Structure formats: C-alpha cells, structure tokens
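In this note's numbering, the protein residues as written are 1 to 322.
C-beta: ideal position from N, C-alpha, C; glycine also.
All values reported here derive from a predicted model rather than from experimental measurement.
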Ligand SMILES: [Ca+2]
C-alpha cells in the first residue's frame, strides 16, 4: 500500500514510522507540530529515517514541511512546549545524546521540501494514497479540500461510549488531556478540534482511538525481551529512545507499554486484520470542559477500530527489533 505519513514525532511516532517504512511503501512524510515544534519534528524524522536507512542500506523517502500550528479559534494546548515533557523528553525522542555515534552510523543530511501541496496532489492523481495521520489533524483537514485519499488517523477517544462496550476501569479512559483543561479528549484532536472534523469528511476513514491504545500494547515482558535481545539498528535505536517513556508509563500506573501511533500504521499494512464499528463522528467545539470530545452516532461511515489481530501486530512489531 502507498502511504504518506503526517507526523508530530514524538516517541511513539518513531516506532510507527519504522513500521510504515518496513511494511508499506512510504511515498512521503510531512513534519507537523504537535508533540514538538515543527522544526524539532524535522530533526526527529531525519533521525528515524537515518536508523532505518542504516539498517536496510536504502534511501529515505522525501520529507516535507507540514502544519506549523493549529487553526482552531480556541487553543488550550500551546503549540510550542518549552518545558521538559516526561513522555517524550525535551527533544521528543527521549533525550539520548550521541546515540547515532554510539550505534556507529551517521545522521543523514535530509532537507525538507516546501512543495508539499503540489507533490501530494500529483501522487493522489497518479495512485491510491493512504494518509496516515499520527499527529494533530490540521494538515489532513487542509489536504481533504484539494485531493482524494484514504485517511487513517490516531485520534479521538470513544472509551466512554457504553454502546461500544469497551469502557475499561482506568484513570485515562476518557482521554489524555486533563492537564490542559480538556478531560474528555485525546491529544491529536485536542491540538486542533476544528480540523478533527476531517474524521467524518473523509469517506470511510479509519480511526485507532485512545481507547484502543490503552487496551492494545506490548506486555512488560515482551518489551523487556525485545529491548534486551535486539539485533537490528532500528531495534537498538528504539530501545534507547524509549527508556524514559517506559519509566513514565510505569510511574503513571500503565500495565502495558503503549504503542499508540503504531496502531494506526498497522491498519495500513496489507493483510492487516482488524474490525470495528461504523459511526458518524462529532467533535465538540464548545468552550467548556467538553472541548475536543469526540462522540459518535449510528449510520456513519467512519470505522472506529475496536479489535486488532494481536498476534499479527506483535509479529510486525517484533520485526523492528529482530
Ligand atoms: Ca504522534
């Protein structure tokens, strides 16, 4: 499958991008704000691509400057995070100095292109493109106005809907943005709730939501085994950058090692096995505590994924380390 990735990398984006590069045909990567500033995302994507290219002795796909900031009228989460982020680190990739030197390969010299719109539109005219949006939905929303593509997103939180029968007794089952005054939403929607309307506008789009994320991760034993027995450059790279994230997950009481964005990428792999329910999605734009909350009604055409073939997923993830 031909994929285009829009990322705000970000630690979980790193594993997701490594999976997309290994298991799909990545035709472009756009770097957008979100977990980090856009400029930092360019640096991070370059490092992720460098690990992949060193492992497989291949050339990287083209990278682009994506969205720089949210376009929503109300913005509760600042675009530039200046303080230490205990999930992703200051630099978004776990703050590991001299990692590439230690692993004995060089960071590639990759310059991002400004020509995103023309290239994206041409690609969509030539073939069937799947946009995997693993950051805020700002760019996906802009692109839907000018091109036809399939959309897979890592967005929203539907865990509170009893009709979906996956409410789980967990502190974070309503979302992960409580600290920004948005207790009922998920990060990528919260950054730009107006843009998140794209979730419904793209006919047949797929969503891996926060509820799926907190139910579908690596067990601690799996994570320990992979990181201890890693044989590949990509595995060693991810092992090092994910150490702080792993500690933060434990600190907040998560039993699983959450793989977040990798779930969206899994949906784009040929022969991926998953199922879900089709719904109409609405996003609250009210300036109150529901801001960014995603709700769903019957008779829609957006697939909220509720089940993934876990063994197949683990096999694909293992391929990054072994
Ligand atoms: Ca992300």
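Checklist entry - Can we count residue 8 as close to ligand 1, meaning its CB is less than 6 Å from some heavy atom? => result yes
Next on the checklist: Let me check you understand the geometry: is the CB of residue 134 closer than 6 Å to at least one non-hydrogen atom of ligand 1?
Outcome noted: yes
Item to check | Coil, strand or helix - residue 266 by DSSP | outcome: helix
Checklist entry - So residue 389 and residue 253 are in contact, right, with Cβ under 8 Å, and what is the actual spacing, rounded? => result Look at the range of the chain in this structure, 1 to 322, and you will see that residue 389 is not part of it.
Checklist entry - Residue ranges of each alpha helix (DSSP H) run of no fewer than 4 residues wholly in the region 224-293, ordered along the chain? => result 233-241, 243-251 and 261-266
Checklist entry - What is the DSSP secondary structure of residue 194, counted as helix, strand or coil? => result coil
Next on the checklist: Relative to the C-alpha of residue 313, which candidate in 16, 95 and 293 has its C-alpha closest?
Outcome noted: 16
Next on the checklist: Helix, strand or coil for residue 25? Go by DSSP, reduced to three states.
Outcome noted: strand
Next on the checklist: If contact is defined by three or more beta carbon pairs under 8 Å, each pair taking one atom from either stretch, is the region 239-247 in contact with the region 106-119?
Outcome noted: no
Checklist entry - Taking 6 Å as the line, does the beta carbon of residue 118 fall inside it for any heavy atom of ligand 1? => result no
Checklist entry - Ordered along the chain, which non-local residues of its own chain (more than five positions away) have a Cβ less than 8 Å from that of residue 218? => result 226, 256, 257, 259, 314 and 317
Checklist entry - Hey, quick one: how far does the beta strand (DSSP E) through residue 64 stretch, first residue to last? => result 63-65
Checklist entry - Does the Cβ of residue 261 lie closer than 6 Å to at least one heavy atom of ligand 1? => result yes
Item to check | Between the CA atoms of residue 52 and residue 58 - distance to the nearest angstrom | outcome: 8 Å
Checklist entry - Between residue 4 and residue 208, what straight-line distance do the alpha-carbon atoms span, to the nearest angstrom? => result 17 Å
Item to check | Inter-stretch contact at 8 Å, needing at least 3 Cβ pairs: the region 96-112 / the region 145-155 | outcome: no
Checklist entry - Heavy atom of ligand 1 less than 6 Å from the Cβ of residue 13, yes or no? => result yes
Checklist entry - Which residue comes first and which comes last in the beta strand (DSSP E) that contains residue 216? => result It is not in any beta strand (DSSP E) - residue 216 carries neither H nor E in the DSSP assignment.
Checklist entry - Of the residues 131, 36 and 71, which one's Cα is nearest the Cα of residue 91? => result 36
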